[in-house]
Amino acid sequence: MTTEPPVLGDAPLADPAEVRRAMEYYAEKGWTDGLPVVPVTDSYLKEFLATTSRDPAEVLIPMPHINKHLTVRLAAINAALAGCLPEYFPVVVAAWEAFRADGMVTRSIWQSTTGTAPFIVINGPVRTRIGVNCRGNVFGSGFRANATIARAIRLGAINGLGLKPHVLDQATQGTPAKYMCCIGENEEDSPWSPLHADYGFAAADSAVAATVIRSVLHVEARHSTAPEQLAFDFADSLCRTGALVRPLAAGYIVLNPEHARLCDRAGWSKADLRQAVYELGVKRYGELRRAGKEAISSGTHWRVPIEHPEALPQDVLDDEAPVRLIDTPEAVHIVVAGAPNAGVSSIVETFTRLEGPPAIAKVEERP
Amino acid sequence: MPNAILDPTGATRLQKKAAAPRAARRASLAGARVGLLINTKQNARPFLEEVGRILVEDHGAVITARHTKLNFAAPESQEVIKDLAAEAEVIVTGVGDCGSCSAAAAADSVVLEAAGVPVAAIITESFRTTVEKMAELRGAADFKYATTAHPVAVLTDEQVKARAASVIGDVIALVTDPSAAA
């Protein structure tokens, strides 16, 4: 005997055949990231374009070498496709602006075998206005703004820029972060100034920082009692040999509020933690040697074994000799996010050491 | 009310690229001025240098240009292409052994061909799809190139030389046409 589940009184009527028809059309066209998308028509697109003063024809990401330009209009179609609400769109535009300023996307990074993911940090009042998750489960899942803003960037890349996996996107493995890696800073539970305020924006501004990342590493430090212990954990994680393709290590520390407060109680500022991680940012020569990464290539300046034909001449060091992998405190950025409920933080490994400040763009506010 | 779904790729708004012209071939490489366009990927330089050495010693070519790409992931600027076309009658480029650099090698090749310079691009087997897609985007759907097994980056000097020797036939076939007027 079968029983029909009860129908909820407020549930809208749906025509599953029609819904499937639209979904399958997108799938057949290859216009998805594998998950179903929201059908976008002209009237729905107009709702997105109405949230910005930008000209729909304005180019957000120029990619002349592949004959593609991501316009505001294409960014909007793909944001709608991703499941964004129209009011998220100014954040998506700011994210694209930050990716353009960051410079890696226009330098073909998403055609690379590395397979980097977009990483987005949202600051300011827009977080509460559109419901960006900054607390528990900050890396997902379960929160529409985080999930769909991140997805708007991926669908913009796949569709708008034509960077399809297996074709122009030659990622060897990619990373799960390609599905979603958009966080809000937990400014309310942080003892420190928010990220955007550190780089010239007013705390009352809304802003988006963006770059491309290799991976997100879990750092368990539940019973640490001193900031020095945390700094060691973070430096050790940042400097793991597996992260080294280039000579130096770099990344974000996404610090949970409990760790941030531990630092603050000990009198450490954000700058103090960065300085400590920088000072600990060394590996022993022998560790690099055992991983075949003790030398630098003359062509790419990537790490190679000393016997590689293109290895630059260098002295063979004692196995215990320190080799600096974090060359400045500015190679390490700090964002506070997550629930204040355990000593669990993350390292977000950026593609490369950022030269100068992170790329941050202001979110447009319409009166 | 149902309405048409919008194309999220912008494809319908793009101008189709006109078919890119391919350079005329020489009958042989005897006396030909050959340029090496080195993309800096691991072992690209020794690989192309060895190809160049064989072309000079066994086939009578002269190496007249060596250009090292500043960014292996991006196609070269018009100025660099113009210089290369002035300095060399034939270009050998590579080694495409990654996603962005293989696509960039295809893009460089199509532009050099249009500038009248036959090109032999050397790509590892793993990156055929991305090379062909890039060539198609650039209006050269029938783009031909030489392939070698993947990977190249980890080979020793001796192995690089052996690989270079093994693609020589393909390189020469790509840039010459025995039926062409000498």
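Taken in order, these protein sequences are the chains called A and B. Position one of the first sequence corresponds to residue 4 (my numbering), numbered consecutively onward. Position one of the second sequence corresponds to residue 105 (my numbering), numbered consecutively onward. Heads up, the beta-carbon is just placed ideally off N, CA and C, and yes, glycines get one too. Source: prediction; values computed, not measured.
Flagged as an interface residue toward chain A: Val-264/B, by a C-beta distance shorter than 8 Å. His-221/A and Lys-273/A have their C-alpha atoms some 20 Å from each other. Judged by their CB atoms, Ala-334/A and Ala-229/A are not nearer to each other than the 8 Å cut-off.
Below the 8 Å Cβ cutoff, chain A contributes Ala-25, Tyr-28, Tyr-29, Pro-42, Val-43, Thr-44 as neighbours of Ile-109/B, in chain order. Per DSSP, the continuous alpha helix (DSSP H) segment holding Thr-233/B begins and ends at 232-241. For Thr-109/A, no alpha helix (DSSP H) run applies, since DSSP gives it neither H nor E. For Ala-136/B, the closest of Glu-161/B, Val-214/B, Gln-146/B by C-alpha to C-alpha distance is Glu-161/B.
Membership of Phe-122/A in the beta strand (DSSP E) is indicated by the continuous run 120-126. Remark: C-beta atoms of Gly-346/A and Ser-196/A do not approach each other more closely than 8 Å.
In the structure shown, Ile-152/A falls within a helical segment according to DSSP collapsed to helix, strand and coil.
Between the alpha carbons of Asn-70/A and Val-339/A lies a distance of about 39 Å. In this structure, Gln-146/B is the residue among Ala-122/B, Gln-146/B, Arg-126/B, Ala-127/B with its C-alpha nearest to the C-alpha of Pro-312/A.
Annotation for Arg-57/A: Val-75, Val-96 place their beta carbon closer than 7 Å to its own, counting only its chain and skipping 5 residues before and after. Any Cβ of chain A closer than 8 Å to the Cβ of Lys-186/B would place that residue at the interface, and such an atom is absent.
Pairwise C-beta distances place the stretch 248-257 of chain B in contact with the stretch 227-235 of chain B, as three or more of them are shorter than 8 Å. Taking Ile-112/A as the centre and dropping the five residues before and after it, the same chain places the C-beta of Thr-119, Val-215, Phe-354 closer than 7 Å to its C-beta, in chain order.
Counting along the chain, Ala-169/B sits inside no alpha helix (DSSP H); it lies in the beta strand (DSSP E) bounded by residues 166-172. Among the CB atoms of chain A, one or more fall inside 8 Å of the CB of Pro-150/B.
For the alpha helix (DSSP H) assignment, the uninterrupted runs of no fewer than 4 residues enclosed by the stretch 234-286 of chain A are, from N- to C-terminal side, 260-268, 273-282.
Taking C-alpha positions only, Pro-106/B is separated from Pro-42/A by approximately 11 Å. Membership of Val-219/A in any alpha helix (DSSP H) is not indicated; the residue belongs instead to the beta strand (DSSP E) covering 210-223.
Between the stretch 263-272 of chain B and the stretch 197-209 of chain A, the count of C-beta pairs closer than 8 Å stays below three; the two stretches do not touch. In the three-state reduction of the DSSP assignment, Met-26/A falls in the helix class, which pools H, G and I. Here the alpha carbon of Glu-27/A sits roughly 10 Å from the alpha carbon of Ala-20/A. Inclusion of Asn-81/A and Leu-171/A in the CB contact set at 8 Å is not warranted, their separation being larger than that value. The CB of Arg-110/A comes closer than 9 Å to the CB of Asn-175, Ala-177, Ala-178, Ser-204 in chain B, given here in chain order. Residue pairing by DSSP places His-336/A opposite Tyr-255/A in a beta bridge. Here Gly-134/A is near Ala-148/A, since their CB atoms are less than 8 Å apart.
With a 10 Å radius around the Cβ and a threshold of 16 neighbouring Cβ atoms, His-262/A comes out buried.
Put simply, of Gln-114/A, Asp-105/A, Leu-251/A, Asp-321/A the residue whose alpha carbon is nearest the alpha carbon of Gly-289/A is Asp-321/A.
For Leu-141/B, the enclosing beta strand (DSSP E) starts and ends at 137-142. The straight-line gap separating the alpha-carbon atoms of Pro-332/A and Glu-193/B is approximately 50 Å. The criterion of a C-beta distance shorter than 8 Å is satisfied by Ala-279/A and Glu-231/A. Counting other Cβ atoms within 10 Å of its Cβ, Val-22/A stays below 16 and is therefore classed as exposed. Here the alpha carbons of Glu-352/A and Lys-296/A stand approximately 18 Å from one another. Measuring C-alpha to C-alpha distances from Ile-329/A to each of Lys-286/A, Ala-362/A, Ala-314/A, Gly-341/A identifies Lys-286/A as the nearest.
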